Amino acid sequence: MVDREGREAILRHLLEDLQDSYDYIVVDCPPSLGLLTLNVLAAANAVLIPIQCEYYGLEGISQLLNTVRLVQQNFNPGLAISGVLLTMYDSRLNLCRQVAEDAKEYFGAKVFMTPIPRNVRLAEAPSFGKPILLYDNLSVGAKSYLAVAQELLRRIESPSAAEGTSAPSAVALAETDAAPSTAADELSDEISDHDPDPLPEVTT
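Our numbering runs 819 ahead of the 1-based position in the sequence shown.
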């Protein structure tokens, strides 16, 4: 897609023809801030940000938030953060509890009430080529994801439940008047040059 004109809006144009066929469209982004992720953020109404309950999980969020702001300014002014999901959570570990507390302090009500725990069945499912609901729908991990899905639906149906988040027709999975569109490489340069806003410090 690098050489294509309007490359940051390719996915948006493809989804426009599909929105009438689905109630919700969820797009799972790669763990990077490249052109594929930029396409998803430019097309989505909202972004759901998973955070691993580890030190570097919280450290990387500031860069993602700056990217979201730049996408709002340049490509998609309607993009909103629909929620923040804590993953790989282990209540027995002090670091996990502290990351969860710092995330809740920083993001407030946007943090989902249900964290995704560390779970062996969740780790096993990809090696069998199955989602957790087909691999073991009675596991703790599967039940946690079902609870998160129900909470997300409640937030969509009642936006006030998540500080006024607008109902998304497309959700990027992830964490103003429209400005003139700029090339994706210019945005990438701006992202790399932009100092991320500080997040709470995490100590071990």
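Positions of the beta carbon are idealized from the N, C-alpha and C atoms, including for glycine.
The structure presented is a predicted model; accordingly, all values stated were derived computationally and were not measured.
| Item | Value |
| --- | --- |
| Are the beta-carbon atoms of Leu905 and Cys872 separated by less than 8 Å? | yes |
| By Cβ distance, which residues of its chain are closer than 6 Å to Ala944, with the 5 residues on each side in sequence left out? | Ile951 and Tyr954 |
| Fully enclosed by the segment 900 to 929, which alpha helix (DSSP H) runs are 4 residues long or longer? | 913 to 926 |
| Select from Ile935, Val939 and Lys949 the residue whose C-alpha is nearest the C-alpha of Ala968. | Ile935 |
| Residues in its own chain within less than 6 Å of Gly876 by CB, not counting five upstream and five downstream? | Ile870 |
| Between the segment 881 to 894 and the segment 918 to 927, do at least 3 Cβ pairs fall closer than 8 Å? | no |
| Whole angstroms is fine: what's the gap from Thr1001's alpha carbon to Ser881's? | Low per-residue confidence applies at Thr1001: pLDDT is 40, beneath 50, and the placement is therefore not dependable enough to give any value. |
| How long is the line joining the alpha carbons of Lys962 and Leu941, rounded to whole angstroms? | 11 Å |
| Between the Cα of Leu846 and those of Ile868, Val939 and Asp822, spot the shortest distance and give me the residue it belongs to. | The sequence shown places Val at residue 846, rather than the Leu named in the question. Ranking Ile868, Val939 and Asp822 by Cα distance to Val846 puts Ile868 first. |
| Grab the span of the alpha helix (DSSP H) containing Ala865 for me, first residue to last. | Ala865 -> not in any alpha helix (DSSP H); beta strand (DSSP E) instead, spanning Ala865 to Gln871. |
| Give me the Cα-Cα distance between Ala957 and Gly948, rounded to the nearest whole angstrom. | A small fix is needed here, since residue 957 is Leu in this sequence, not Ala. Distance between the alpha carbons of Leu957 and Gly948 is about 18 Å. |
| Cβ atoms of Ala862 and Leu830: under 8 Å apart, would you say? | yes |
| Could you pull the DSSP bridge partners for Pro936 from this structure? | Tyr908 |
| Between which two residues does the alpha helix (DSSP H) harbouring Val821 extend? | Note, Val821: premise wrong, no alpha helix (DSSP H); not H, not E. |
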